[in-house]
Amino acid sequence: MEELQTIQWFPGHMTRTKRQIESQLRLIDAVAVLLDARIPYSSCNPDLRSVINNKPRIVILNKSDMADPTETKRWLSLFREKQIAAIALDCKSGKGLQQFIPTVKNVLSDRIKAWEAKGMTGRTIKVMVVGIPNVGKSSFINRMSKQNRAKAEDRPGVTRGNQWFTIGKGFDLLDTPGVLWPKFDDKLVGEKLAYIGSVRDEILDTEQLAGRLLEYLRDRYPASVCMRYKLTQEDISGLQGYELLHLVGKKRGMLITGGEVNTERAAAAVLDEFRSATLGRLTLDKAEEHKDVRI
Ligand code: G4P
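The numbering of the sequence shown is numbering that gives the first Met the number 0, which starts it at 0 and goes up by one.
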């Protein structure tokens with residue numbers, strides 16, 4: 000299988016984003032780092048740690064409805080082992096959202112006590128929400144605002160400036176100032192971002208991409224591949240990406256005139272089914288392979 004072309008991001012933006020985040024740091028108490036639960040390692044910006052410095056942080060594994068639940072538990076344990084508070088969310092259904100405010104308060108408990116000792120009871124807690132594009136930041140902020148506004152109807156959803164959102168009594172969220180690009184120079188990371196749809200398909204060879212994804216899933220989630228495409232373990236063992244794609248297309252009856260398999264259509268179907276979790280709840284970054292993850 001040929002190598003995928005290197006995915007081009009725009010490093011220039013990151014310098015600006017870094018500056019924008021740094022300029023807001025003094026206004027906030029904590030940072031909520033949104034990661035995609037299917038690729039917690041690959042969806043984490045490598046420079047973030049140095050930018051947010053010592054600010055208390057809370058990791059949110061979003062889109063957990065599409066990730067392997069066992070693997071999500073392992074990731075949560077890994078972060079907690081590292082003394083980093085972590086929760087899994089599904090902003091589509093709202094599952095897990097109620098954990099967010101208590102988790103932040105727990106992380107900031109010493110600080111809250113210190114504020115109270117100084118008579119600053121009920122001081123507003125301000126949290127910056129960061130994450131790469133498409134990870135679900137807007138969905139998270141919208142969900143949090145709605146959920147809590149419903150509970151406290153006398154509170155209008157005050158927005159201050161462009162990016163501040165009040166999500167509850169004494170609790171504000173700040174959307175990431177700027178665009179936090181993912182790690183773009185690691186080929187494997189780039190591929191995983193492409194699998195989940197974070198890179199526009201127009202700039203990629205989708206047949207190559209789908210083929211590599213099938214190889215990857217065959218090695219890690221063979222049962223899911225077999226079940227979805229009605230194949231046996233024997234059918235798929237030892238095949239290269241393109242051969243797997245060909246097999247899937249054939250099995251699906253995706254043919255072009257002359258009886259050739261339409262691998263382009265097959266590729267679109269495979270990518271679509273992975274991205275919609277029709278192939279199953281699958282996680283591409285395994286916690287045990289990324290024990291050195293740093294946030
Ligand atoms: P961003 O601000 O970080 O860029 O992300 P945004 O909230 O716009 O979310 C990007 C996409 O991910 C949206 O889908 C959104 O619905 C979806 N999404 C966000 N959180 C979750 C989640 O927990 N689970 C699932 N399954 N999807 C989630 P979209 O296709 O762009 O739009 P739409 O489906 O809302 O129409």
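All C-beta atoms, glycine included, are put in the ideal place defined by N, C-alpha and C.
Since the structure is predicted, the reported quantities are computational estimates derived from the model, not experimental observations.
Which complete beta strand (DSSP E) runs does the segment 50 to 113 hold, if anything under 3 residues is left out? 56 to 61, 84 to 87
Should M127 be counted as a contact of ligand 1 given a C-beta to heavy atom distance under 7 Å? no
Residues near L243 in its chain [Cβ-Cβ closer than 7 Å; skip 5 each side]: G210, L213, E214, R217, I235
So, does the segment 41 to 56 touch the segment 112 to 123, judging by three or more C-beta pairs under 8 Å? no
In DSSP terms, what K125 is bridged to: D171
Beta-carbon contacts of I166 that lie in its chain and below 7 Å, excluding the five residues immediately before and after: M143, S144, N147, L172
Alpha carbon to alpha carbon, how far is L281 from E263? Give it in angstroms, no decimals. 23 Å
Pull the bridge partners of I164 from the DSSP assignment, please. The sequence given here has Phe at residue 164, not Ile. F164 is bridged to L172.
Other residues of its chain near V50: CB distance less than 7 Å, five sequence neighbours each side excluded: K17, I20, E21
Assign I111 to buried or exposed, taking buried as 16 or more other Cβ atoms, counted over all protein chains shown, within 10 Å of its Cβ. buried
Helix, strand or coil: which one does DSSP assign to D204? coil
Just verifying my parser: in three-state terms, what is the DSSP assignment at V30? strand
Quick one: what's V260 bridged to in DSSP? L254
Coarse secondary structure for D234, derived from DSSP in three states: helix
Kindly examine ligand 1 and report whether one of its heavy atoms sits closer than 7 Å to the Cβ of L75. no
Do you know whose CA, among I140, I57, A66, M65, lies nearest P101's CA? I57
Please state the DSSP three-state secondary structure of D271. helix
Quick check on DSSP: helix, strand or coil for D35? strand
Nonlocal neighbours in the same chain, by C-beta distance under 6 Å from N133, ignoring five residues either side: S197
Going along the chain, which residues of its own chain have a beta-carbon closer than 7 Å to the beta-carbon of L254, five neighbours each way excluded? V260, N261
Neighbour-count burial assignment, E201, 16 or more Cβ in a 10 Å radius: exposed
Do you know offhand how far R15's Cα is from G177's? 7 Å
If we ignore side chains and look at the alpha-carbon of each, how far apart do G240 and Q207 end up? 7 Å
For the putative contact between A84 and N105, defined by C-beta atoms under 8 Å, what is the C-beta separation to the nearest angstrom? 7 Å
Distance between Y220 and P55 (C-alpha atoms, nearest Å): 36 Å
Hey, quick one: how far does the alpha helix (DSSP H) through L192 stretch, first residue to last? 186 to 195
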